[in-house]
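Position in the sequence shown counted from 1, then plus 300, gives you my numbering. Quick reminder that beta carbons are idealized off the backbone N, C-alpha and C, glycines included. Have a look at the structure below, then the notes.
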Amino acid sequence: YENLIGYTLPVGSYRVALHESWLANDAMYAAQSDVTTLHPMFLYFAAIRGMGLTLEELFALFGASASDGPMLGETEISQERSMHVDTAYTVHGKIADVQRKHGARVATMDLVTVDFEIRLGDSEPVGRVGSVFVFRRQRS
């Protein structure tokens, strides 16, 4: 799957309604004083929900499906400016790396790094998310 390094995902969009911000803050035990400014976790939510593909379509690029049990290995989130409710964001994603790992005790795994940039409309970035997806492979 190394041939997918550099593959650009379709541009997606993301918007959060006021009630979604309130519900998320409640679920995360975050302050409810200003629900119009989004919690930083919304950068991750934007990347996953607004990437321009469904997760199932992303997994299919790597010969997998949700029923195969792909896992989230690690995520790095960098916020440059606050996100706000009822604001249009675009999500730009790219396959940054693919590594195959073999282990004596652990199954063969493909580690797929996807980098996302969340922008205010089509202009200024508000943040970046880098996620590593882990696809376990059958032993050959």
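Closest residue to Thr354 among Ser333, Val311, Gly306, Ile418 (Cα-Cα distance): For the purposes of this step, residue 354 is taken as residue 54 along the sequence shown, with counting starting at 1. Ranking Ser333, Val311, Gly306, Ile418 by CA distance to the CA of Thr354 puts Val311 first.
Member of Leu372, Glu374, Arg436 whose CA lies at the smallest distance from the CA of Val406: To locate residue 406, count along the sequence shown from 1; it is residue 106. Ranked by how close their Cα comes to the Cα of Val406, the residues Leu372, Glu374, Arg436 have Arg436 in first place.
Beta-carbon contacts of Met409 that lie in its chain and below 7 Å, excluding the five residues immediately before and after: Residue numbering aside, residue 409 sits at position 109 when the sequence shown is read from its first letter. Counting only Cβ-Cβ distances below 7 Å, and skipping sequence neighbours, we find Lys401, Val434, Phe435, Arg436, Arg437.
Beta-carbon proximity list for Tyr389, same chain, < 8 Å, skipping 5 on both sides: Indexing the sequence shown from 1 puts residue 389 at position 89. So the list reads Ser313, Tyr314, Arg315, Ala346, Gly350, Met383, Ile418, Arg419, Leu420, Gly421, Val426, once near-sequence residues are dropped.
Alpha-carbon to alpha-carbon, Ala331 and Val414: Along the sequence shown, read from residue 1 onward, the residue named residue 414 stands at position 114. Along the sequence shown, read from residue 1 onward, the residue named residue 331 stands at position 31. In a straight line, the C-alpha of Val414 is about 30 Å away from that of Ala331.
Closer than 6 Å: Leu411 CB and nearest the ligand NAD heavy atom: Here there are no bound small molecules, and the ligand NAD is not part of this structure.
Contact check, Tyr307 vs Ile377, beta carbons under 7 Å: One-based indexing of the sequence shown puts residue 307 at position 7. One-based indexing of the sequence shown puts residue 377 at position 77. Annotated as distal: Tyr307 and Ile377, with beta-carbon spacing of 7 Å or more.
Assigned exposure category for Leu343 - 16 Cβ within 10 Å defines buried: The residue you call residue 343 lines up with position 43 of the sequence shown. Buried.
For Asp397 and Ile305, the rounded distance between their alpha carbons: On the sequence shown, position 5 is the one that residue 305 refers to. On the sequence shown, position 97 is the one that residue 397 refers to. Whole-angstrom Cα-Cα distance: 5 Å.
Under the three-state DSSP convention, the category Arg349 falls into: Taking the sequence shown and counting its residues from 1, the one referred to as residue 349 is at position 49. In the three-state reduction of the DSSP assignment, Arg349 falls in the helix class.
Cβ neighbour criterion (16 or more within 10 Å) applied to Ser367: To locate residue 367, count along the sequence shown from 1; it is residue 67. With a threshold of 16 other beta carbon atoms within 10 Å, Ser367 falls short and is exposed.
Contained alpha helix (DSSP H) runs [length at least 4] in the segment 349–423, N- to C-terminal order: Positions of the alpha helix (DSSP H) runs, each at least 4 residues long and wholly inside the segment 349–423, are given as 355–361 in order along the chain.
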